[in-house]
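Undergrad: Here it is, the structure, as structure tokens.
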Amino acid sequence: MPEAIDARTTRTLRNTAKVQRYRKRLVATKEDLADQATRLQTIITVHKLTAPLGWDDVCSALAETREEASASNRALKAKRNEMDQIIATMTKWVASMTRPSVQSMLPKSLGWSRTSLSADRTSRKMGFDWYTLHLRNNTDRFFAQCNFPSNGGTNCFHVVEGDDDIFHFIWSYQHEYELPIQDVYAGIRLPIWRKLRADTSAFPIEMLDQELLDDVAPRKMMYRRVVLSEKRTDVLLTREFPADATSDRIVFVSGNIHEDALLPESHYLRNRMFWHVLEPVGPNRTRLRVVWTISSFLSNQKPVTWAEEAAVLKRDLGDGPEHVRKQRFHDISRRDMAMPDDAWKALFTFEYEAS
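Numbering (the numbering used here), first residue to last: 48 to 402.
See the structure below:
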């Protein structure tokens, strides 16, 4: 019996404590609300009007509010028109990137390389960003076809020929340095940029759209044009992707822009794509992998035969049957395009940018 009384007493004391705490909260809330009411009453008293607003004041306030609303509406309409133009331009651009053309007649591994740019500023900026990201994202896909060794060095050169007589030169080169990746990067960045910028070209180099490129990736992109002849130009877009939280590789990608609405049309084109990749394989060891691919001549108007290309390049193929002269042209092209080890080493001799 005493135990039951103790349990009831404990329960009663606990409930009493709960009620007391609840009442304290109510009192605190009441006091807080009273303080707020006092503060608000003070504000009303301070700002109390001595006289009602006149109609002129009311009309002026309404006119000001109306003008603000109209300005906001105009800004929204302008933004909508801008977005409509971007959508229309990008729709045309996507169509231009996918429509069938001579340039899409490529080996399966190269079939996505056709590129164009419109004149619209926003569309150009998006095109620069999209294409370079596309090249970066396809790095491993293309490297997988080159059969790089897991370590050591390699220097391979071969030619892929399509059914339409368009052929592609493909170089793959690998070299390992006994240095940390940042030391290799510091010495090799300038040689890579010099090569992609065509610094040794005998023809004038025109740098384009640098302001737009810096909006995408400051100091990491370039878009250059080299006029080789009245009918031949080389237009190349390059971007450097630094190592980040998702990858410890440093990747340089480059690709041709075949059709640019702001540039004169080139009658003869080539497909050019370049990848240069630095990746650490140890604390003090870095691997350089390079892939270049350059096609024979292309044209937006019609296929370019090997004989026409040989004539444009002024290659002396001598006499003989067509298949003999064609093979001779291929042999000359292979000879001219080959890159022995010494040429690669000379190309990637370390240089350092002035501080």
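Just so it is clear, CB atoms sit at the ideal spot from N, CA and C, and this is done for glycine as well.
Predicted, not measured: the structure shown is a model, and the values here were computed from it.
With burial defined as no fewer than 16 other Cβ atoms inside 10 Å of the residue's Cβ, what is the status of I217: buried or exposed?
TA: Here the question's residue 217 lines up with position 170 in the sequence shown. Buried: at least 16 other Cβ atoms inside 10 Å.
Undergrad: Quick one: grab the DSSP three-state call for R72.
TA: Taking the first residue of the sequence shown as 1, we reach residue 72 at position 25. R72: helix per DSSP, three-state reduction.
Undergrad: Counting pairs of beta carbons, one from the segment 273 to 286 and one from the segment 348 to 357, are three or more of them closer than 8 angstroms?
TA: Short answer: they don't touch.
Undergrad: By the DSSP assignment, the beta strand (DSSP E) with E223 in it spans what residues?
TA: Here residue 223 corresponds to residue number 176 of the sequence shown, with the count starting at 1. Residues F214 to Y224.
Undergrad: In this structure, does DSSP put S117 in helix, strand or coil?
TA: By 1-based counting over the sequence shown, the position of residue 117 is 70. S117: helix per DSSP, three-state reduction.
Undergrad: Going by DSSP, what residues sit across from D432 in a beta bridge?
TA: The requested residue 432 does not occur in the structure, where the chain is confined to residues 48 to 402.
Undergrad: Return yes when the Cβ of F344 is within less than 8 angstroms of the Cβ of V351, no when it is not.
TA: Counting from 1 along the sequence shown, the entry for residue 351 is found at position 304. Counting from 1 along the sequence shown, the entry for residue 344 is found at position 297. Contact: yes.
Undergrad: Just how far apart, CA to CA, sit R121 and M130?
TA: For the purposes of this step, residue 121 is taken as residue 74 along the sequence shown, with counting starting at 1. For the purposes of this step, residue 130 is taken as residue 83 along the sequence shown, with counting starting at 1. Rounded to the nearest angstrom, the two C-alpha atoms are 14 angstroms apart.
Undergrad: Using a 10 Å radius around the Cβ and a threshold of 16 neighbouring Cβ atoms, would you call P147 buried or exposed?
TA: Along the sequence shown, read from residue 1 onward, the residue named residue 147 stands at position 100. Confidence at P147 is low in this model, with a pLDDT of 48, below 50, so the placement of that residue is unreliable and no value is reported for it.
Undergrad: Please report how far the alpha carbon of E398 lies from the alpha carbon of K242, in whole angstroms.
TA: Translated into the one-based positions of the sequence shown, residue 398 becomes position 351. Translated into the one-based positions of the sequence shown, residue 242 becomes position 195. Answer to the nearest angstrom: the Cα atoms are 12 angstroms apart.
Undergrad: Report yes if the C-beta distance between S346 and L325 is below 8 angstroms; otherwise report no.
TA: As a position in the sequence shown, residue 346 is number 299, starting the count at 1. As a position in the sequence shown, residue 325 is number 278, starting the count at 1. No. Outside cutoff.
Undergrad: When DSSP labels each residue in this structure, what does T333 get in the three-state scheme?
TA: Position 286 of the sequence shown holds residue 333. Correct three-state label for T333: strand.
Undergrad: Pull up the DSSP beta-bridge partners for V338, would you.
TA: One-based indexing of the sequence shown puts residue 338 at position 291. DSSP lists S219 and W322 as partners of V338.
Undergrad: When the Cα atoms are used, what is the spatial distance from R168 to A125?
TA: Residue 168 sits at position 121 when you count from the first residue of the sequence shown. Residue 125 sits at position 78 when you count from the first residue of the sequence shown. Rounded to whole angstroms, R168 to A125 spans 16 angstroms at the Cα level.
Undergrad: For H205, which three-state DSSP category applies?
TA: On the sequence shown, position 158 is the one that residue 205 refers to. In this structure, H205 counts as strand in the three-state DSSP scheme.
Undergrad: With DSSP collapsed to three states, give me the class of Y399.
TA: Sequence index remark: in the sequence shown, residue 399 carries index 352 (1-based). If DSSP states are grouped into helix, strand and coil, Y399 belongs with coil.
Undergrad: For L283, count the other beta carbons within 10 Å of its own beta carbon; 16 or more makes it buried, fewer makes it exposed. Which is it?
TA: Counted from its first residue, the sequence shown places residue 283 at position 236. By the neighbour-count rule (16 or more Cβ atoms within 10 Å), L283 is buried.
Undergrad: How big is the Cα-Cα spacing for L87 and H94?
TA: Working through the sequence shown from its first residue, we reach residue 87 at position 40. Working through the sequence shown from its first residue, we reach residue 94 at position 47. The alpha-carbon atoms of L87 and H94 are separated by roughly 11 angstroms.
Undergrad: Helix, strand or coil, according to DSSP, for D291 in the structure here?
TA: Here residue 291 refers to the residue found at position 244 of the sequence shown. Residue state, collapsed to three classes: strand.
Undergrad: Taking 8 angstroms as the cut-off, does the segment 186 to 205 touch the segment 304 to 318 (at least 3 CB pairs, one atom from each stretch)?
TA: No, the segment 304 to 318 does not touch the segment 186 to 205.
Undergrad: Anyone know if the C-beta pair for H222 and L335 falls short of 8 angstroms?
TA: Within the sequence shown, the letter at position 175 stands for residue 222. Within the sequence shown, the letter at position 288 stands for residue 335. Their beta carbons are under 8 angstroms apart, which means H222 touches L335 by this criterion.
Undergrad: Considering M268, what are the terminal residues of the beta strand (DSSP E) in which it resides?
TA: Counted from its first residue, the sequence shown places residue 268 at position 221. That run of the beta strand (DSSP E) goes M268 to V274.
Undergrad: Are at least three pairs of beta-carbons, each pair with one atom in the segment 256 to 268 and one in the segment 284 to 304, less than 8 angstroms apart?
TA: Because the criterion of three Cβ pairs below 8 angstroms is met, the segment 256 to 268 and the segment 284 to 304 touch.
Undergrad: Using DSSP bridges, identify the partner residues of T285.
TA: One-based indexing of the sequence shown puts residue 285 at position 238. T285 is bridged to M269 and S301.
Undergrad: Please check the pair R244 and M268, which I expect to be a contact at CB under 8 angstroms, by giving their CB distance rounded to whole angstroms.
TA: Translated into the one-based positions of the sequence shown, residue 244 becomes position 197. Translated into the one-based positions of the sequence shown, residue 268 becomes position 221. Not a contact, Cβ separation roughly 12 angstroms.
Undergrad: Based on Cα-Cα distance, which residue from N194, A166, S294 and D295 lies nearest to L255?
TA: The residue you call residue 255 lines up with position 208 of the sequence shown. Ranking N194, A166, S294 and D295 by Cα distance to L255 puts A166 first.
Undergrad: Anyone know if the C-beta pair for L180 and M320 falls short of 8 angstroms?
TA: Start at 1 with the first residue of the sequence shown, and residue 180 comes out as number 133. Start at 1 with the first residue of the sequence shown, and residue 320 comes out as number 273. No, the pair does not count as a contact, with Cβ atoms beyond the cut-off.
Undergrad: Where does the unbroken alpha helix (DSSP H) through M384 begin, and where does it stop?
TA: Walking along the sequence shown from the start, residue 384 turns up at place 337. Run containing M384: E369 to M384, per the alpha helix (DSSP H) assignment.
Undergrad: Determine the extent of the alpha helix (DSSP H) in which E355 is found, giving its start and end residues.
TA: As a first step, residue 355 must be located in the sequence shown, where it is residue number 308. Segment W353 to V359, the alpha helix (DSSP H) holding E355.
Undergrad: From the DSSP secondary-structure annotation, give me the bridge partner or partners of P238.
TA: Against the sequence shown, residue 238 aligns to sequence position 191. Looking at the DSSP assignment, P238 forms no beta bridge with any residue, so it has no partner.
Undergrad: What does DSSP give as the partner residues of T280 in its beta bridges?
TA: By one-based count along the sequence shown, residue 280 stands at place 233. BP columns for T280 point to V274.
Undergrad: Determine the closest residue to V328 out of T340, H314 and I297, with distance taken between C-alpha atoms.
TA: For the purposes of this step, residue 328 is taken as residue 281 along the sequence shown, with counting starting at 1. Out of T340, H314 and I297, I297 has the C-alpha closest to the C-alpha of V328.
Undergrad: What distance in whole Å lies between the Cβ atoms of W391 and N202, which are believed to be in contact at a cut-off of 8 angstroms?
TA: Indexing the sequence shown from 1 puts residue 202 at position 155. Indexing the sequence shown from 1 puts residue 391 at position 344. Right, the Cβ-Cβ distance comes to about 6 angstroms (below 8 angstroms), so this counts as a contact.
Undergrad: Take the Cβ of Y69 as the centre, count every other Cβ of all protein chains shown within 10 Å, and call the residue buried at 16 or more, exposed below.
TA: Reading the sequence shown from its first residue, position 22 is the one you call residue 69. So Y69 ends up on the exposed side.
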